[in-house]
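Chains as they are written, first to last, in the working numbering: chain A, 1 to 339; chain B, 1001 to 1274.
A virtual CB, placed ideally from N, CA and C, is assigned to each residue, including glycine.
Quick notes on the structure that follows.
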């Protein structure tokens, strides 16, 4: 029996459907990422699990218990908000202790648990600070400690990293994963950042327009997107709209794959593009090169379209704008969908 | 330059009567000369020794205190509910909160008098009717101050966070929301006190001589010139002005640096200022 089960959850607002019969389940101790563009319903789905938003149809169970009619405060959840939502008048310790003190736990237990939580998130030296004396990253650690302190069954994270700057975001992302593993808590994590979702979750659910398009392990989502939307959203792919000839598309010799329709969309990731001085492939002219450290992104004009390729910087060193090259993509790296 | 002249003229226009009242409150005799004949603090010491002045001051303070309690108990939860749980109430309350500014308080008082006479005659002329009526006209000050600080504090998000922490509505309001909007409640309370201390029309109509507040006492001095004590009136005028000015300054000081929590800057003075 899965730990959190969402069964055909539907939510309508006046005029539009936010969730269109979403079904997904989360296993005990698993981390599921809800990934999608803004407005896809991922935050609404998370809020439905928390009980902050009601849904019109479907069923939600946590640990086998039906959550219908269970108010937010009685649900076995802990939640972290994008805007931290720390209580401004309480110190760090006061915030982390809050879920325990409202449950009227004995003082000794509260103190011990707060110590343990602050140690877990690495803030044991800042217990007496007020939230406005902390950096964004520190505030989000406090929020995480507060969410975990009452030992909830499920941890809900609503874009917890998106208000932070890049360096802090990456560090805290890995930290969230470490803490989640250490505590072993079932977690649902909402994000619009594919790198974040792929990096730290056990499974990723790609959402679009109130539906889950594809749900699977990060590697599967990345290498084998099953829908056109998933392919376009994850992996930053090149997209070409091409006509089939005799049931096949060739893109001027760059690849040769079977076409399911007369007009198709071909998608492939930039790291799967090979550029060579000669040999087989489509004729292309190097347009711009962008040095990214370990890799270099090369934009090349091939016929009417611009293709971008990520090459190891050593391999790209010999290429300069205006060079004529041959461009090819292995057929099994090309996803084809009817246009 | 023109701006300065304009502001200067404005300052003279508002300042001159106050200056005159101040001089009169410390004058020995002042009849047909440009300045008083001599100066004394006797009126100041004398006024606060007068039993009727002290009683009126006491009544005004009691009225202000009761009205502030009513506002905090009624308006704070209402504002919280409208901001966090049901924004639709907000637009209704916003509309209602214009009424005390749109309708003269004399009309409000007369209306209340007519209604209580027929509906609850036992309330007629009592302190509690006056307190309720004053609370009704002063509530916009509290509501707006509390509403803006709720919005500034992000009360919706804080309430959601408190709920996910396991807190019920009462614990959320008392332990999370109230401490976060303390500044707004204090500002609102100061504006309410200023209104209640200064209110004349309702007290005149609803209770009259049976509950003589400081503004009523002042008006009596003014009307019955032969019986009254004009120097004492000047002292009370300057004293009330000083008190209200200090309260307003405190409100501004509390709201400093918080643009989003801008406190209601609507005029505090309304009705008859002695």
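Chain-order list of residues whose beta-carbon lies under 7 Å from that of residue i (same chain, five-residue window excluded)
i	result
residue 280 of chain A	253, 326, 328
residue 299 of chain A	287, 288, 306, 308
residue 52 of chain A	72
residue 1193 of chain B	1064, 1068, 1247
residue 272 of chain A	329, 330, 333
residue 1166 of chain B	none
residue 196 of chain A	161, 173
residue 103 of chain A	150
residue 251 of chain A	240, 242, 266, 282
residue 356 of chain A	The structure shown does not extend to residue 356 of chain A, since chain A is modelled only from 1 to 339, so the question has no answer here.
Candidates the options, of which the one nearest residue i by Cα
i	options	result
residue 241 of chain A	A:300, A:186, A:335, A:165	A:335
residue 1283 of chain B	B:1232, B:1112, B:1051	The requested residue 1283 of chain B does not occur in the structure, where chain B is confined to residues 1001 to 1274.
residue 73 of chain A	A:118, A:152, A:193, A:333	A:152
residue 1094 of chain B	B:1078, B:1108, B:1106	B:1078
residue 1102 of chain B	B:1086, B:1137, B:1088	B:1137
residue 208 of chain A	A:15, A:33, A:40, A:6	A:40
residue 257 of chain A	A:330, A:290, A:175	A:330
residue 342 of chain A	A:275, A:291, A:293, A:294	The shown model of chain A, from 1 to 339, leaves out residue 342 of chain A, and the question about it has no answer.
residue 192 of chain A	A:211, A:233, A:177, A:25	A:233
residue 77 of chain A	A:66, A:83, A:84, A:62	A:62
residue 67 of chain A	A:13, A:270, A:215, A:47	A:47
residue 1104 of chain B	B:1118, B:1134, B:1007	B:1134
residue 324 of chain A	A:302, A:84, A:339, A:139	A:302
residue 354 of chain A	A:60, A:235, A:249	As shown, chain A starts at 1 and ends at 339. That puts residue 354 of chain A outside it, with no answer to give.
residue 1061 of chain B	B:1214, B:1089, B:1122	B:1214
Own chain partners of residue i with C-beta closer than 8 Å, once the 5 adjacent residues on each side are dropped
i	result
residue 1 of chain A	64
residue 244 of chain A	259, 261, 262, 263, 264
residue 1277 of chain B	This structure cannot settle anything about residue 1277 of chain B, because the visible part of chain B is limited to 1001 through 1274.
residue 1208 of chain B	1125, 1216
Cα-Cα separation between residue i and residue j, rounded to whole angstroms
i	j	result
residue 225 of chain A	residue 231 of chain A	5 Å
residue 1154 of chain B	residue 1163 of chain B	14 Å
residue 1211 of chain B	residue 1200 of chain B	12 Å
residue 1185 of chain B	residue 1072 of chain B	8 Å
residue 199 of chain A	residue 218 of chain A	8 Å
residue 1260 of chain B	residue 1151 of chain B	Unreliable placement is indicated for residue 1260 of chain B, whose pLDDT of 36 sits below 50; the coordinate value is still reported in the next sentence. Going by the C-alpha atoms only, they are around 8 Å apart.
residue 165 of chain A	residue 159 of chain A	13 Å
residue 107 of chain A	residue 1172 of chain B	20 Å
residue 4 of chain A	residue 80 of chain A	18 Å
residue 1096 of chain B	residue 110 of chain A	46 Å
residue 57 of chain A	residue 75 of chain A	19 Å
residue 1160 of chain B	residue 112 of chain A	26 Å
residue 69 of chain A	residue 1168 of chain B	15 Å
residue 17 of chain A	residue 35 of chain A	18 Å
residue 82 of chain A	residue 1075 of chain B	30 Å
residue 1231 of chain B	residue 1027 of chain B	8 Å
residue 1277 of chain B	residue 1052 of chain B	Absent from the structure is residue 1277 of chain B, since the part of chain B shown begins at 1001 and ends at 1274.
residue 167 of chain A	residue 20 of chain A	36 Å
residue 283 of chain A	residue 255 of chain A	12 Å
residue 1191 of chain B	residue 1039 of chain B	34 Å
residue 201 of chain A	residue 1177 of chain B	35 Å
residue 1115 of chain B	residue 12 of chain A	47 Å
residue 320 of chain A	residue 277 of chain A	12 Å
residue 1008 of chain B	residue 1015 of chain B	10 Å
residue 59 of chain A	residue 154 of chain A	17 Å
residue 1013 of chain B	residue 1121 of chain B	45 Å
residue 212 of chain A	residue 238 of chain A	23 Å
Cβ-based neighbour list, residue i, same chain, cut-off 6 Å, excluding 5 preceding and 5 following
i	result
residue 135 of chain A	none
residue 1235 of chain B	1025, 1043, 1044, 1047
residue 42 of chain A	34, 36, 190, 207
residue 204 of chain A	33, 35, 197, 218, 221
Where residue i meets chain E, residues with beta-carbon distance less than 7 Å
i	result
residue 1158 of chain B	No chain E appears in the structure shown, which is made up of the protein chains A and B.
Near the ligand ZN: residue i beta-carbon under 7 Å from a heavy atom
i	result
residue 190 of chain A	Absence of the ligand ZN from the depicted structure is noted, as is the absence of any ligand whatsoever, leaving it without description.
_the segment 91–102 of chain A touching the segment 141–158 of chain A, judged by at least three CB pairs closer than 8 Å_ = Short answer: they touch.
*Three-pair Cβ contact test at 8 Å for the segment 180–188 of chain A versus the segment 22–29 of chain A*: Flag = yes, the segment 180–188 of chain A and the segment 22–29 of chain A touch.
*asked:* When you compare the segment 1144–1152 of chain B with the segment 1114–1130 of chain B, are there three or more beta-carbon pairs, one atom per stretch, that lie closer than 8 Å?
replied: no
*How do the segment 76–89 of chain A and the segment 114–133 of chain A stand: do at least 3 beta-carbon pairs fall below 8 Å, yes or no?*
yes
*Any chance you could list the beta strand (DSSP E) runs of at least 3 consecutive residues sitting entirely within the segment 111–174 of chain A, in chain order?*
Entirely contained in the segment 111–174 of chain A, the beta strand (DSSP E) runs reaching 3 residues are, in chain order, 154–158.
_Secondary structure, alpha helix (DSSP H): runs of 4+ residues fully inside the segment 227–274 of chain A_ = Listed in chain order, they are 228–233.
*For the segment 1136–1179 of chain B, list the beta strand (DSSP E) runs that are entirely contained and at least 3 residues long, ordered along the chain.*
Listed in chain order, there is nothing to give.
*In chain order, each alpha helix (DSSP H) run of at least 4 residues that lies wholly inside the segment 1031–1076 of chain B*: 1042–1047
*asked:* In chain order, what are the residue ranges of uninterrupted beta strand (DSSP E) at least 3 long that sit wholly in the segment 26–101 of chain A?
replied: With a minimum length of 3 residues, the continuous beta strand (DSSP E) runs that stay inside the segment 26–101 of chain A are 31–35, 57–62, 77–80.
*Could you tell me which uninterrupted alpha helix (DSSP H) segments, each at least 4 residues in length, are contained entirely in the segment 1201–1235 of chain B, listed from first to last along the chain?*
1214–1223
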